[in-house]
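Trainee: To convert, take the position in the sequence shown, counting from 1, and add 483; that gives my numbering.
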Amino acid sequence: MVLSQQKVMMCPPDHFGIDYVINPWMEGHRGNTQDGLAQQQWQNLKEALDKHASLTFMKPQPGLPDLVFTANAGMVLHNKVIVSRFKSQERQREEPFFHNWFTSHGYEIVAWPSDVAFEGAGDALLDRSKPLIWAGYGFRSDAEAPGLLEKIYQRRTIGLRLVDPRFYHLDTCFCPLEGGFLLYFPSAFDALSQKRIEQEVAPEKRIALMESDALQFACNAVDLGGHVFFNGASTRLQDQLRQCGFTPVVIALSEFMKAGGAAKCLTLKLYET
Numbered sequence: 484m485v486l487s488q489q490k491v492m493m494c495p496p497d498h499f500g501i502d503y504v505i506n507p508w509m510e511g512h513r514g515n516t517q518d519g520l521a522q523q524q525w526q527n528l529k530e531a532l533d534k535h536a537s538l539t540f541m542k543p544q545p546g547l548p549d550l551v552f553t554a555n556a557g558m559v560l561h562n563k564v565i566v567s568r569f570k571s572q573e574r575q576r577e578e579p580f581f582h583n584w585f586t587s588h589g590y591e592i593v594a595w596p597s598d599v600a601f602e603g604a605g606d607a608l609l610d611r612s613k614p615l616i617w618a619g620y621g622f623r624s625d626a627e628a629p630g631l632l633e634k635i636y637q638r639r640t641i642g643l644r645l646v647d648p649r650f651y652h653l654d655t656c657f658c659p660l661e662g663g664f665l666l667y668f669p670s671a672f673d674a675l676s677q678k679r680i681e682q683e684v685a686p687e688k689r690i691a692l693m694e695s696d697a698l699q700f701a702c703n704a705v706d707l708g709g710h711v712f713f714n715g716a717s718t719r720l721q722d723q724l725r726q727c728g729f730t731p732v733v734i735a736l737s738e739f740m741k742a743g744g745a746a747k748c749l750t751l752k753l754y755e756t
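#1: Using 8 Å as the threshold, is the C-beta distance between glycine 500 and proline 579 below it?
#2: Contact between the segment 711 to 725 and the segment 678 to 688: three or more CB pairs below 8 Å?
#3: With a threshold of 8 Å on Cβ separation, who are the neighbours of glutamate 681 within its own chain once the five nearest residues in sequence on each side are excluded?
#4: Taking the straight line between their C-alpha atoms, what separation do you get for valine 646 and serine 676?
#5: Proline 679 to glycine 519, Cα distance in whole Å?
#6: With H, G and I counted as helix, E and B as strand and the rest as coil, what does DSSP make of histidine 710?
#7: Could you check if arginine 725 is buried or exposed, using at least 16 other CB atoms within 10 Å of its CB as the buried criterion?
#8: Do we get a CB-CB distance below 8 Å when we pair glutamate 627 with the residues of chain D?
#9: Spell out the partners DSSP gives methionine 493 in its beta bridges.
#10: Beta carbon of glycine 557, beta carbon of valine 551: below 8 Å?
#11: State buried or exposed for glutamine 488, treating a residue as buried only when at least 16 other CB atoms are found within 10 Å of its CB.
#12: Mind checking which residues open and close the beta strand (DSSP E) that includes proline 659?
#13: Which first and last residues belong to the beta strand (DSSP E) in which tryptophan 617 is found?
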């Protein structure tokens, strides 16, 4: 039974695998994924999310192993979407499929410069308590992206520079939660970005991760109706979340971690306001 109005897009991992290396997590894992386990882990996530959101799906495509990471399809706000402009050639082939999906489902495609890299909800996250966009840049999205997002959506945008290649997208190290809480790994950002986060989010609302939790992609989480779904987290972090009123839900996603993605990467929220 769906408990919220949230709508989430996913893509079955029928063609998932590691066919190339475009981030540090993929190193040493090329051709080294277990198809059956990946299918089961994705199914476990799907079934867990299905209790809290309406799920919709896009068709997997042969030769596009990362299409499963729908967070990178684009940035959705109201009925407008900016379809991603991928940095790597390997993922640029996904763009027309994402474009066609959004068009066929009635979304307004917003123009975006062809020479500015931007990787959708991997690098653009909405604050859950105020009209604010957090925008990451440095590895996959260009430094111009935050300013363009602010102009397009007419919403205040704070750019955050990523400096650790293990956390190449904002959603690997930063997760806004309901009530203004924030789950994040400070060391993934430069000093100025850390200062901006501290100025914007009250100390009692900031949940700073230890590196061990960050490396489990605890920030790569899906928050729905007070539940936080992620690949893994220490007992300490789970207790912190409970103390803040959240219900942590651990769902093993080890096969997708090999590709540098987990729960958040495998989903795209479509009902954003």
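Just so you know, even glycine gets a beta-carbon here, dropped at the ideal spot from N, CA and C.
Mentor: Let's see:
#1: As a first step, residue 500 is located in the sequence shown; it is residue number 17 there, counting from the start. As a first step, residue 579 is located in the sequence shown; it is residue number 96 there, counting from the start. Cβ distance not < 8 Å, so glycine 500 and proline 579 don't count as in contact.
#2: no
#3: Position 198 of the sequence shown, counted from the start, is the residue given in the question as residue 681. In the same chain as glutamate 681, and ignoring 5 residues on each side of it, the C-beta atoms closer than 8 Å to its own belong to Arg689, in chain order.
#4: Position 163 of the sequence shown, counting from 1, holds the residue named residue 646. Position 193 of the sequence shown, counting from 1, holds the residue named residue 676. Each residue's alpha carbon lies about 10 Å from the other.
#5: Sequence index remark: in the sequence shown, residue 679 carries index 196 (1-based). Sequence index remark: in the sequence shown, residue 519 carries index 36 (1-based). According to the sequence as given, residue 679 is arginine; it is not proline. Cα to Cα, arginine 679 sits roughly 43 Å from glycine 519.
#6: Against the sequence shown, residue 710 aligns to sequence position 227. Of the three classes helix, strand and coil, the one that applies to histidine 710 here is strand, per DSSP.
#7: As a position in the sequence shown, residue 725 is number 242, starting the count at 1. Exposed.
#8: Annotation note: the requested chain D is absent from the structure, which comprises a single protein chain.
#9: Locating residue 493 in the sequence shown gives position 10, counting from the first residue. Beta-bridge pairing links methionine 493 to Phe540.
#10: Position 74 of the sequence shown, counted from the first residue, corresponds to residue 557. Position 68 of the sequence shown, counted from the first residue, corresponds to residue 551. The answer is no: Cβ separation not under 8 Å.
#11: Residue 488 sits at position 5 when you count from the first residue of the sequence shown. Classification of glutamine 488: exposed, given that the 10 Å Cβ count is below 16.
#12: By 1-based counting over the sequence shown, the position of residue 659 is 176. Run containing proline 659: 657 to 659, per the beta strand (DSSP E) assignment.
#13: One-based indexing of the sequence shown puts residue 617 at position 134. Segment 615 to 620, the beta strand (DSSP E) holding tryptophan 617.
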